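Following our numbering, the numbering of the sequence shown begins with 1376 at its first residue and continues without gaps.
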Amino acid sequence: MNVKERILAIALAIIFVLFIHFGLNTFYISPKWDDYCGPNKYMPGEIYSEQNCIAFNGTWTPYPLPEKRAENITVTGWCDLTRECQESFDTVNEQYNRVIFILAGIIGLVTIIAATFLNVESVALGLMGGGVLTIIYGTIRYWGNAEDWLRFAILGIVLIILIGLAYMKLSKK
């Protein structure tokens, strides 16, 4: 493969994963933080007491105070106005990332398999690379929420499939 074909393969891989990313974001819209915690959840001013925090539906977290403290300490904690809405957003966002992970994995795998049947080497390699990058993109989206056993299983399955495809594709030559 010459330099032009390699550049084409790299360009195809990058554009493919971007195309999939923006396609998924266009047709499966991600949750927005403001929809859960909106502008009314921003600090309405300085809240220095538990009573004021509770009045704004916040969660008060006391600071650990030293036994010997200065008399002029008036702030004894901090107010989290977004704790409840943040938990709701995190739950919905995790579900969204799980779906993106599944869709990107399927799209990436199908693309890799389909690319093995193409005769134009630079296009086949570009789509294979794009498929791999799409799987990586989906995995990164959900990686932080996945259990260790699931991470291990995901990597194992992808590894087995890639080795199988490599043998199928390269053993014919």
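Every residue gets a Cβ at the ideal spot worked out from N, C-alpha and C, and that includes glycine.
Just so it is clear, the structure is predicted and the values come from calculations on it, not from any experiment.
Taking residue i as part of the alpha helix (DSSP H), name the residues at either end of that continuous run.
i	result
GLY1501	1496-1518
GLY1531	1523-1545
TYR1423	That residue, TYR1423, is in no alpha helix (DSSP H); it is neither H nor E in DSSP.
THR1401	1378-1402
Could you round the C-beta distance between residue i and residue j to whole angstroms and report it? I think they count as a contact, below 8 Å.
i	j	result
ILE1515	GLY1483	So it is not a contact: roughly 12 Å between Cβ atoms.
GLY1501	LEU1383	6 Å
LEU1368	VAL1498	This structure gives no information on residue 1368, because the portion of the chain shown stretches from 1376 to 1548.
TRP1435	GLU1421	14 Å between Cβ atoms; not a contact.
ILE1487	MET1503	5 Å
At a Cβ threshold of 9 Å, is residue i touching chain D?
i	result
GLU1421	Absent from the structure is chain D; it holds one protein chain and no more.
If I follow the unbroken beta strand (DSSP E) through residue i, where does it start and stop?
i	result
THR1434	1434-1437
Can you find the residues in the same chain that come closer than 8 Å, C-beta to C-beta, to residue i, ignoring five residues on each side of it along the sequence?
i	result
ARG1526	TRP1518
Taking all protein chains shown into account, decide if residue i is buried (16 or more other Cβ within 10 angstroms of its Cβ) or exposed.
i	result
TYR1512	buried
TYR1411	buried
ALA1479	buried
PHE1391	buried
Please name the residue or residues paired with residue i in a DSSP beta bridge.
i	result
CYS1454	TRP1435
Skipping 5 residues on each side, what residues in its chain have a beta carbon closer than 6 Å to that of residue i?
i	result
THR1491	LEU1540 and LYS1544
GLY1531	none
GLU1380	SER1497
Which residues in the same chain have their Cβ closer than 7 Å to the Cβ of residue i, if we skip the five residues on either side of it in sequence?
i	result
GLN1461	CYS1412
SER1463	TYR1411
SER1405	TYR1471
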